[in-house]
Amino acid sequence: MTGSEDSPAFRLAYVPGVIPAKWVRIWNERRTDVPLTLLQVSTAEVGGLMLAGDADAALVRLPVDRTVLSAIALYTETSVVVVPRDHVVSAVEEVTAEDLADDIVLHPLDDALDWETLPGRPALERPATTEDAIELVAAGIGVLVVPQSLARLHHRKDLIYRPVTDAPESQVALSWPEDRTTDLVEDFIGIVRGRTVNSSRGRREEPKGEQPKPKKRSGTEGTARKPAAGRSAGRGARSGGSGKTGGTRQGKPRRKS
């Protein structure tokens, strides 16, 4: 089955902070016959959306449930700590997790980072979302470590962020239901992997009824080349002689006595 049979559009979901604009532009240039619909959803919702058939694929943050979803990692994001502008971190270029040991480090329920051990001191309650945690940072309640794209998404003039060199990193991936790898999904995979429209791994098909042209064979392959029509195959054919070039040699005429 093909994606175009399932839906009149290709439905692409994406989680906050991921910017699909470049890939959407390429899709719109190549697949003018199939509109692309964008759906921004939370990290918690994106897997269920695809499994319910409400999105054909999604730009997500790993990990995903690999028992039902396929995924191709696209890039890795730097992790940063978001702090108030008057925080001591503002005076340095980067920090380590140990530098946050004395801070309350907020841990939202939709945290995009896979921590083994969260740095710093825990808050009394976990914020519901990253957006809520940003508000708490602005209020001076604590600090927050997030992928850099989320820090940019929730940028505020009263907050800054700095790289955390040893924090877990977030991998952004293209994901889709394993049992629904449609033609349109394959097309989008080609786009995010940077394949050209004429790539040998693309889905471009030969027009129906058109057969590939046979390869040209060199004169040394197969049977010997046939002589041109109207010519004999022998080298002495011009004289009909013995086979020597030019036929039998003729002597000089004898003198009369």
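For the sequence shown, the working numbering begins at 4 and goes up steadily by one. Here a beta-carbon is modelled for each residue, glycine too, at the ideal position from N, C-alpha and C. No experiment lies behind these values; they were computed from the predicted model shown.
Quick one: grab the DSSP three-state call for Ile75.
Looking at Ile75 - three-state DSSP - the assignment turns out to be strand.
Burial state of Ser82 (16 or more Cβ within 10 Å):
With 16 or more neighbouring CB atoms inside 10 Å of its own CB, Ser82 falls in the buried class.
Go to Trp30, then tell me how far its alpha helix (DSSP H) extends in each direction, as first and last residue.
Start and end: Ala24 to Arg33.
With DSSP as the reference, please indicate the residues paired to Ser178 in a beta bridge.
Partner(s): Ala61 and Ala74.
Any idea if Arg64 is buried or exposed, counting beta-carbon neighbours within 10 angstroms, 16 or more meaning buried?
So Arg64 counts as buried.
For the putative contact between Gly145 and Leu116, defined by C-beta atoms under 8 Å, what is the C-beta separation to the nearest angstrom?
That belief does not hold up - the Cβ atoms of Gly145 and Leu116 are roughly 15 Å apart, past 8 Å.
For the 8 Å Cβ check, are there 3 or more pairs between the segment 150-160 and the segment 49-56?
Flag = no, the segment 150-160 and the segment 49-56 do not touch.
When we look at the beta-carbon of Arg14 and count the other beta-carbons within 10 Å, is it buried (16 or more) or exposed?
Around the beta carbon of Arg14, a 10 Å sphere encloses 16 or more other beta carbons of the protein chains shown; the residue is thus reported as buried.
What do you reckon, are the CB atoms on Thr168 and Glu101 nearer than 8 Å?
Taking 8 Å as the cut-off, the Cβ atoms of Thr168 and Glu101 do not count as close.
Please classify Glu80: is it buried, with 16 or more other beta-carbons within 10 angstroms of its beta-carbon, or exposed?
It is buried - the Cβ of Glu80 has at least 16 other Cβ atoms within 10 Å.
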